[in-house]
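In the working numbering, each residue carries its 1-based index in the sequence shown increased by 1109.
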Amino acid sequence: MRKTLTLILLSSALTWAQKPNYEQAAKFSPTKLRTLIFSTEVRPSWINHSDKFWYEYQTSSGKKWYLVDPNAKTKQPLFDNSDLARQITRIVKNPFDAQHLPIENLEFTEDERSIRFEVKSTKDTIKSKEELAKLKNKADSLKKKTFYLEYDLLTKQVKEINESLKVKPRPTWASYSPDTMKIFFAKNYNLYWMDRANFEKAIKDENDSTIVEHQITKDGVQYYAWGGDQYSTTTGGDEKEESKRKNVWISWSPDGKYFVLTRKDNRHLNPMWVINNVGGKRPTLETYKYQMPGETDSTEVELHLFNAETLTSKKIHVNAFKNQTVSIYTKNRDKSSYKSKLYINYWLGDEKEFYISRSSRDLKRIDIVAVGVDGSVRNVVSERSNVYLDIKKPYFVNNNTQFIHWSQRDGWGHFYLYQKDGTLIRQLTQGDYNTEDVTGYDPKTQTYTFTANGKETGEDPYYLHHYAQSLLGGEPKLLNKGNFDHQIMTSESGKYFVNNSSRVNTIPISDLYDNKGNLILKLEEADLSLLFAAGYKFPEPFKVKAGDGITDLYGVMYKPFDFDSTKTYPIIEYVYPGPQTEAVNKSFGRSMDRVDRLAQMGFIVITVGNRGGHPARSKWYHTYGYGNLRDYGLEDKKVTVEQLAARHKYIDINKVGITGHSGGGFMSTAAMLVYPDFFKVAVSAAGNHENNIYNRWWSERHHGVTEKVSVKGDTTFSYAIEKNTELAKNLKGKLLLATGDIDNNVHPANTIRMADALIKANKRFDFVLLPGQRHAFGNMTEYFFWKMADYFSEHLLGISKRDEVDIVEINKEIPLKR
């Protein structure tokens, strides 16, 4: 009897074991979601600098285009889809219908009487005798043709136009003078210009031998260039790469008499390498300059001011700190014409002076500086802190006599009003909330608008809202009420804004408001009908306490869509430590691979913030990890799972997994090593496991670097940080490491050194190298998702279908038994 009972109980346990649901996860792949989720926001295209705009919006019924006039409070179709499809079909000779209009690059003409757009043929086009005569070979006859069309909004007629009449984006290498008659670019590491006539030739044929170019500088060399990509080279590539035209970042004075740019000598910096083993017949070596934290930097950023008429330059001396960063504040101005769409990059300032920021290497000192065209330099605002600083571009008001400055000097991000000479007038906003960006200003009412989060009580403090406030101060007025995360886009005049709002558990809606908070028009509600029909269910936001028992943390829980509260589920945390952001969705989104989709395998998946994470809270919260960039967020991840497991019986506290990419790859491995008895399984992708070999800017900024000045006045920098490799001996659970072999952001050495440390500690682990992949894993992301799904299924559910299901076939929803 005892033996029989044991067999029955064992059989019952096996029957009720949780099984990985590969089929359910396959239904929500990125490819499938493109046919289930359509438009989720309205992105207005403002017409000729006015308040009127058009937008396109797609639902399960197809795509439609609308014209909105805020002043008239009207929204109407831009054209009749059925009629337009018939007219396009007659011209292109390929069939189209109202639901399938492949319109691209739509633009209004300057008189607003017509729209111009492109349509690509879907089949081989019938060519005239003249066209056939011009073809160089048979392959050219099979190329799809692009038709340039114009639709008259009054007559509602379509006609084909010459390609030269269509608005085109500028070549990436072109930087225009304000009158658009000169085009500047970099070539052979130097600065060049050409006139408009030669530029038109270059647009048609970049290799035209009759193009006349004028060289401005002659001392540019690789890694000490005047523009272009001066940081990397690849063996086996195009040997004439340096002779190609490249972009140069020029900022112009409003009157077009001067322009300014920066230059840096990087020749002394040590190189880094990655090898692409699958990029061609021979493996190719890519070499690039890459400065690591604590390394010596022997040169400084140079600021050069050019006279646009004589094309002569002078170096402006703005040095205040060793190894400082210099940023030129700019503003773009659209100067589109029928023949080319272009933007002029102007400096922030007037004809006599412009503004820059200069930051010390440790980012504890930042100045806003006014630089005169006569070479004068005056300090306008100075920010100082014992931890790193953030700063934003000043927003000038009242005919450039005053500006709004953003600062965290009182522990929160707030706005301050200054005179142009740097005299503080008043603090504009204050309180335990964070302001973000100035979005507009009305000089008649002396009112500016801005975005901020954390001000509304009873809401997730990350939800962004839009506000208006007088320059005289007072309580800001909320312009877009509603317990949602709001993303806004304002018209150039600042009179109107499009408001896209949602939470992770609501359908996105889009509305039009004026700058007083009045609803002008309801625009759209996203069509998620097919998504819900496929079985989708919204995730659940939650709030827990951090490890200190005081700080509120905000997260989201994702469940299997066939969730059964009577069962127990392993829990997986998808993590990113920050400090520049937190991997916690606040609004509805279409990217579901690492959360919604992973949960469908049979897991509870959660994301949650941590102290030292997102910058949109207090400065204390943001810089909690300063000086401890390895362990600072781990306690909060652990206590979150403990609190949720105490609330919900369906969470198995003994089966905890963790995964992440980049900083999340680093954090998930660290969790396995700091809390080896709690976290049982980790999948760590592209992790910066040794931040001493990650890039200088990020590592020194968020962890800190020590600046030392000797008695002789010499300045040196030192950097020390805890690394994951130092804890390799602590590993107990199952760990999968992965990296792309040509990752030039988080170098593969980070993961390889982690593997080396684990091997030397005699620890078993798994390792995946993704050939020919950069940091984001490129075209192997789908492969890696299934590798991750297999790994968690095997080690948290105790069963995997990796030998039964073909991951290519399952994406066709046809499981293939082997």
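We put the beta carbon where it would ideally sit given N, CA and C, even for glycine.
Coarse secondary structure for residue i, derived from DSSP in three states
{"i": "residue 1561", "result": "strand"}
{"i": "residue 1128", "result": "coil"}
{"i": "residue 1121", "result": "Reliability fails at residue 1121, whose pLDDT of 38 lies under 50, so the model's placement of it is uncertain and the value that follows must be treated cautiously. Residue 1121 falls in the helix class under three-state DSSP."}
{"i": "residue 1781", "result": "helix"}
{"i": "residue 1142", "result": "helix"}
{"i": "residue 1827", "result": "strand"}
{"i": "residue 1171", "result": "strand"}
{"i": "residue 1729", "result": "helix"}
{"i": "residue 1296", "result": "strand"}
{"i": "residue 1834", "result": "helix"}
{"i": "residue 1154", "result": "strand"}
{"i": "residue 1536", "result": "strand"}
{"i": "residue 1290", "result": "coil"}
{"i": "residue 1775", "result": "helix"}
{"i": "residue 1133", "result": "helix"}
{"i": "residue 1664", "result": "strand"}
{"i": "residue 1879", "result": "strand"}
{"i": "residue 1659", "result": "coil"}
{"i": "residue 1352", "result": "helix"}
{"i": "residue 1344", "result": "Because residue 1344 sits at a pLDDT of 49, beneath the cut-off of 50, its placement in the model cannot be relied upon, and the following sentence gives the value as read from the coordinates. In the structure shown, residue 1344 sits in coil (DSSP, three-state: anything other than H, G, I, E or B)."}
{"i": "residue 1385", "result": "strand"}
Identity of the residues DSSP links to residue i by a beta bridge
{"i": "residue 1391", "result": "None, per the DSSP bridge assignment."}
{"i": "residue 1577", "result": "1558 and 1586"}
{"i": "residue 1916", "result": "Residue 1916 is not bridged to any residue."}
{"i": "residue 1929", "result": "The structure shown has nothing for residue 1929, since the chain only spans 1110 to 1927."}
{"i": "residue 1816", "result": "1826"}
{"i": "residue 1216", "result": "1225"}
{"i": "residue 1305", "result": "Looking at the DSSP assignment, residue 1305 forms no beta bridge with any residue, so it has no partner."}
{"i": "residue 1284", "result": "1293"}
{"i": "residue 1323", "result": "1302"}
Start-to-end residues for the beta strand (DSSP E) that takes in residue i
{"i": "residue 1746", "result": "No beta strand (DSSP E) contains residue 1746, which is instead part of the alpha helix (DSSP H) from 1743-1756."}
{"i": "residue 1416", "result": "1411-1416"}
{"i": "residue 1694", "result": "No beta strand (DSSP E) contains residue 1694, which DSSP labels as neither H nor E."}
{"i": "residue 1713", "result": "1713-1717"}
{"i": "residue 1654", "result": "1649-1654"}
{"i": "residue 1606", "result": "1605-1611"}
{"i": "residue 1371", "result": "1367-1372"}
{"i": "residue 1594", "result": "1594-1599"}
{"i": "residue 1548", "result": "1543-1551"}
{"i": "residue 1255", "result": "1255-1261"}
{"i": "residue 1185", "result": "1183-1186"}
{"i": "residue 1619", "result": "1618-1623"}
{"i": "residue 1683", "result": "1678-1683"}
{"i": "residue 1629", "result": "1628-1634"}
Span of the alpha helix (DSSP H) around residue i
{"i": "residue 1806", "result": "1805-1812"}
{"i": "residue 1085", "result": "With the chain running from 1110 to 1927 in the structure shown, residue 1085 is simply not present."}
{"i": "residue 1708", "result": "1705-1708"}
{"i": "residue 1526", "result": "Where residue 1526 is concerned, there is no enclosing alpha helix (DSSP H), although the beta strand (DSSP E) it sits in stretches over 1523-1528."}
{"i": "residue 1199", "result": "1190-1201"}
{"i": "residue 1642", "result": "1638-1642"}
Nearest-angstrom Cβ-Cβ length linking residue i and residue j, presumed shorter than 8 Å
{"i": "residue 1679", "j": "residue 1905", "result": "4 Å"}
{"i": "residue 1721", "j": "residue 1734", "result": "3 Å"}
{"i": "residue 1401", "j": "residue 1883", "result": "About 19 Å; that fails the 8 Å criterion."}
{"i": "residue 1650", "j": "residue 1742", "result": "Going by Cβ atoms, the distance from residue 1650 to residue 1742 rounds to 19 Å, so no, they are not a contact pair."}
{"i": "residue 1795", "j": "residue 1766", "result": "At roughly 18 Å, the Cβ-Cβ gap does not stay under 8 Å, so residue 1795 and residue 1766 are not in contact."}
{"i": "residue 1453", "j": "residue 1280", "result": "Not really, about 15 Å apart at Cβ, beyond 8 Å."}
{"i": "residue 1465", "j": "residue 1490", "result": "So it is not a contact: roughly 12 Å between Cβ atoms."}
{"i": "residue 1681", "j": "residue 1768", "result": "6 Å"}
{"i": "residue 1459", "j": "residue 1379", "result": "Contact doesn't hold; Cβ gap of about 42 Å is too wide."}
{"i": "residue 1598", "j": "residue 1152", "result": "7 Å"}
{"i": "residue 1463", "j": "residue 1486", "result": "Their Cβ separation, rounded to whole angstroms, is 11 Å, which puts residue 1463 and residue 1486 out of contact at 8 Å."}
{"i": "residue 1574", "j": "residue 1554", "result": "No, residue 1574 and residue 1554 are not in contact; Cβ-Cβ is about 20 Å, not under 8 Å."}
{"i": "residue 1357", "j": "residue 1300", "result": "6 Å"}
{"i": "residue 1603", "j": "residue 1548", "result": "7 Å"}
{"i": "residue 1337", "j": "residue 1367", "result": "With 8 Å as the limit, residue 1337 and residue 1367 do not qualify as a contact, their Cβ atoms being about 22 Å apart."}
{"i": "residue 1470", "j": "residue 1431", "result": "6 Å"}
Length at least 4, wholly inside the segment 1836-1874: the alpha helix (DSSP H) runs in chain order | 1858-1869
Ranges of the beta strand (DSSP E) found wholly within the segment 1489-1520, counting only runs of at least 3 = 1504-1506 and 1511-1516
Segments of 4+ residues assigned as alpha helix (DSSP H) that fall wholly inside the segment 1419-1484 = none
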